[in-house]
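Residue numbers for the sequence shown follow the numbering used here, so the first one is 1182 and each next one is one higher.
Ideal Cβ positions, reconstructed from N, Cα and C, are used throughout, including at glycine.
Here is the structure we will look at.
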Amino acid sequence: MDKVPLDELLDPDAISSAEALGLHARQIVEGYIAGEHKSPYHGFAIEFAQHREYSAGDDIRHLDWKVLGRTERYYIKQYEQETNYVGHILLDGSESMKYGSGKATKFAYGKMLAACLSYTILRQRDAVALNIFDTRARQYLPRSNNHTMIQKVLGTLAAQEPLGHTNIAAILHDMARQIQRRGIVFVISDLFDDEQTVMDGIQHLRFGGNEVVVFHVLDPAEIEFKFEGLVEFEGLEDIPTIKTRPQEIRKSYLAEFNAFCDRIREGCERNQCHYLRVNTGQPFSEVLSGYLAFRLKTSRK
């Protein structure tokens, strides 16, 4: 897989965009969690690391009484935090994601979603891995909960633009083979690919014991098809351009489009995945808060 070029992370425009992206993500996430007074994710495991001598002001709850009994000296148990949760974020970076009828393209919306998920997970000192893909992993950040990880994630997101074809199933199968530790896989995509092969990839991830969350990112124009007059539709990912009157095909388009979404949703349900259809016309905070509320609800069970 490709590593992240250092010059992209240090690009001034990318840094500026990343700072804005990070600020927005932080405001949304912290605002929600502060209101709920609870994390949407379970925390991390604590493992004993070593002893050190007691110093004034240390918490006596961490005194090792067995060592005191043997040596008559005061020692404090030190611990290190070990991640028990890994969030693998897969963001579709193919050409179809560049579409946007409003202020934000599907890819821009997906970037913000990836940023907020990363910030939420890292805030709990758990680990994140990021994969921006088309037919392959174009940019990949291995899992980490290091304090510099959020800046790496934001810099990578800010530097990327959608292009090329997609092969979602191949990416899902690759991830299923490579994940060494079970976690949650977040798929952020318009899912414009062969549905059955995508479901096969999701099934592979689930077979490995991973939780899968699918954010099906769609534009309002794709959902509602409210075009008027004679319109030329520009094809993406090798789909030819066509000129037509939308009102003549709206009914059949909506029937096929909704059937496509239903098949994706039903496939996710069969594979016990959490499916969210995301309308990029919705305020971003509503979409994220809906998902975080779901996490809080399930984490209490």
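Query                                                                                               : Result
Runs of alpha helix (DSSP H) wholly within the stretch 1342-1398 (minimum 4 residues, chain order)  : 1349-1359, 1376-1388
Among 1386, 1281, 1287, 1249, the one whose alpha carbon lies nearest that of residue 1397          : 1287
Reduced DSSP category for residue 1439 - H, G, I as helix; E, B as strand; rest coil                : helix
For residue 1328, the three-state DSSP class (helix, strand or coil)                                : coil
Own chain residues within Cβ distance below 6 Å of residue 1402, not counting five before or after  : 1282
Residue burial classification, residue 1443 (beta-carbon count within 10 angstroms, cutoff 16)      : exposed
Alpha helix (DSSP H) segment containing residue 1300, residue limits                                : 1287-1304
Own chain residues within Cβ distance below 8 Å of residue 1432, not counting five before or after  : none
Three or more C-beta pairs below 8 Å linking the stretch 1244-1259 and the stretch 1306-1318        : no
Test item: CB-CB of residue 1331 and residue 1303 under 8 Å                                         : yes
Straight-line gap, residue 1449 to residue 1389 (C-alpha atoms, nearest Å)                          : 16 Å
Same chain, Cβ closer than 6 Å to residue 1408, five either side skipped, listed in chain order     : 1427
Check whether residue 1527 and residue 1271 have beta carbons under 8 Å apart                       : In the structure as shown, the chain starts at 1182 and stops at 1482, and residue 1527 therefore has no counterpart that could be examined.
Spatially closest choice to residue 1306 from 1256, 1346, 1268, 1375, by CA coordinates             : 1268
Candidates 1328, 1326, 1309, of which the one nearest residue 1366 by Cα                            : 1309
Nearest-angstrom Cα separation, counted from residue 1375 out to residue 1257                       : 58 Å
Status (buried if at least 16 other CB within 10 Å, exposed otherwise) for residue 1218             : For residue 1218, the pLDDT reaches just 42, beneath the cut-off of 50, and the residue's location in the model is therefore unreliable, although a value from the coordinates is still provided. Counting Cβ neighbours within 10 Å, residue 1218 comes out exposed, since fewer than 16 surround it.
Limits of the beta strand (DSSP E) - the one that residue 1313 falls within                         : 1308-1314
Cutoff 7 Å; reference residue 1362; Cβ partners in own chain excluding five residues on either side : 1267
Spatial distance of residue 1354 from residue 1337 (CA atoms)                                       : 23 Å
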